[in-house]
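The opening residue of the sequence shown carries number 1 in this note's numbering; numbering runs sequentially from there.
Single-structure report; data block below.
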Amino acid sequence: MEVDQRVVLPGDIIDVNKEETIVLGPGLRQEGDDVVATKAGILQHLETGNRWWIDSNQKRYIAASGESIIGTITAKTGDYFRVDIGAAHVAILPYLSFEGATKRNRPNLSVHSLVYCRVAMANRDMEAELECINPSSGKADGFGELKGGFVFTCSLGLCRRLLDPHTPILTFLGEHFPFETAVGMNGRVWVNSEDAQRTILISNAIQNSEYLSTEECKEMVQSLVNQL
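Right, dumping it as structure tokens:
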């Protein structure tokens, strides 16, 4: 990933190559022929797909199309679930947005269930719409209800770093503990392992790793292993 360490503020015009197809992520929007920053942070650029976004440690999650998130079902209505995603407003998850779901075969989810889903549509003037299928394959591909385990909240910046396949803390933990995890871009992380003690240990290690270097993460994981 190519990283531009330029700090931008709301209203700044971003200099991008307008002759190529550009994918704008959180913190950027198009106004006429210009790409303008809508929040303060560090400008990031990924060559693959020519993606641009602003990385910041904001506390309130703002839904963006295509992001994977973890939500809690708060209510059931005629055609959809209402889901708390940590944003200013609840989102909606239609019953038919699950793999194999039909009008007769609806997903059996109760209030307070955890779901790992994808933001299908996000608009500042409407409730975000979610889905539990991969639009490219029509399959669940990991989306759906999260059973068991433990969910905790952390900064949005840490969640974005955890999605990197080479994140040091997850790599070091995986060398010693078998576990599974789901990372939501909305500041929620779900962890499940063979017992409650290891699940809490892994969760605490991930939260404590936010401001640690690679070497410090390795030492922390090793000290936790020695305590078991």
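Don't be surprised by glycine CBs; every beta carbon is placed ideally from N, CA and C.
The model shown is predicted, which means the values in this text are computed figures rather than measured ones.
Can you tell me whether residue i is buried or exposed? The criterion is at least 16 other CB atoms within 10 Å of its CB, across all chains shown.
| i | result |
| --- | --- |
| residue 66 | exposed |
| residue 163 | exposed |
| residue 187 | buried |
| residue 120 | buried |
| residue 26 | buried |
| residue 23 | exposed |
| residue 136 | exposed |
| residue 214 | exposed |
| residue 174 | exposed |
| residue 87 | buried |
| residue 97 | buried |
| residue 138 | exposed |
If you draw a straight line from the alpha carbon of residue i to that of residue j, how long is it in whole angstroms?
| i | j | result |
| --- | --- | --- |
| residue 13 | residue 21 | 18 Å |
| residue 90 | residue 84 | 5 Å |
| residue 102 | residue 79 | 11 Å |
| residue 210 | residue 172 | 14 Å |
| residue 118 | residue 8 | 28 Å |
| residue 160 | residue 133 | 21 Å |
| residue 55 | residue 11 | 16 Å |
| residue 17 | residue 204 | 42 Å |
| residue 15 | residue 125 | 28 Å |
| residue 76 | residue 181 | 26 Å |
| residue 73 | residue 106 | 15 Å |
| residue 70 | residue 28 | 23 Å |
| residue 114 | residue 57 | 24 Å |
So, at 8 Å on beta carbons, what are the nonlocal neighbours of residue i in its own chain, with the 5 sequence-adjacent residues on each side left out?
| i | result |
| --- | --- |
| residue 2 | Because the pLDDT at residue 2 is just 48, under 50, the model does not fix this residue reliably, and the value given afterwards should be weighed accordingly. Once the five neighbours on either side are set aside, the close Cβ partners of residue 2 are 45, 46 and 47. |
| residue 168 | 209, 214, 217 and 218 |
With a threshold of 6 Å on Cβ separation, who are the neighbours of residue i within its own chain once the five nearest residues in sequence on each side are excluded?
| i | result |
| --- | --- |
| residue 122 | 63, 64, 65 and 128 |
| residue 4 | Bear in mind that the predicted position of residue 4 carries a pLDDT of just 49, short of 50, making it unreliable; the figure below should be weighed with that in mind. For residue 4, where only same-chain residues beyond five positions count, the Cβ hits under 6 Å are 43 and 45. |
| residue 116 | 70, 143, 146 and 182 |
On the DSSP letters alone, give me the boundaries of the beta strand (DSSP E) that residue i sits inside.
| i | result |
| --- | --- |
| residue 157 | Element bounds for residue 157: not the beta strand (DSSP E) but the alpha helix (DSSP H), 156-162. |
| residue 115 | 114-121 |
| residue 74 | 68-76 |
| residue 45 | 41-46 |
| residue 54 | 51-55 |
If you follow the alpha helix (DSSP H) that residue i is in, where does it begin and where does it stop?
| i | result |
| --- | --- |
| residue 174 | 168-174 |
| residue 205 | 196-208 |
| residue 218 | 214-227 |
Among residues of its own chain, excluding the 5 on either side of residue i, which ones have a beta-carbon nearer than 7 Å to its beta-carbon?
| i | result |
| --- | --- |
| residue 251 | Because residue 251 is not part of the residues shown, which for the chain are 1 to 228, the question remains open. |
Could you check whether the stretch 27-43 touches the stretch 149-156, counting it as contact only if at least three pairs of C-beta atoms, one from each stretch, sit closer than 8 Å? Three or more beta-carbon pairs separated by less than 8 Å are not found between the stretch 27-43 and the stretch 149-156, which leaves the two stretches without contact.
Using a Cβ distance threshold of 8 Å, determine whether the stretch 86-106 contacts the stretch 209-225, with at least three qualifying pairs required. Three or more Cβ pairs closer than 8 Å define a contact, and the stretch 86-106 falls short of that threshold against the stretch 209-225.
Please determine if the stretch 140-152 and the stretch 187-204 are in contact, where contact requires at least 3 C-beta pairs separated by less than 8 Å. A contact exists between the stretch 140-152 and the stretch 187-204.
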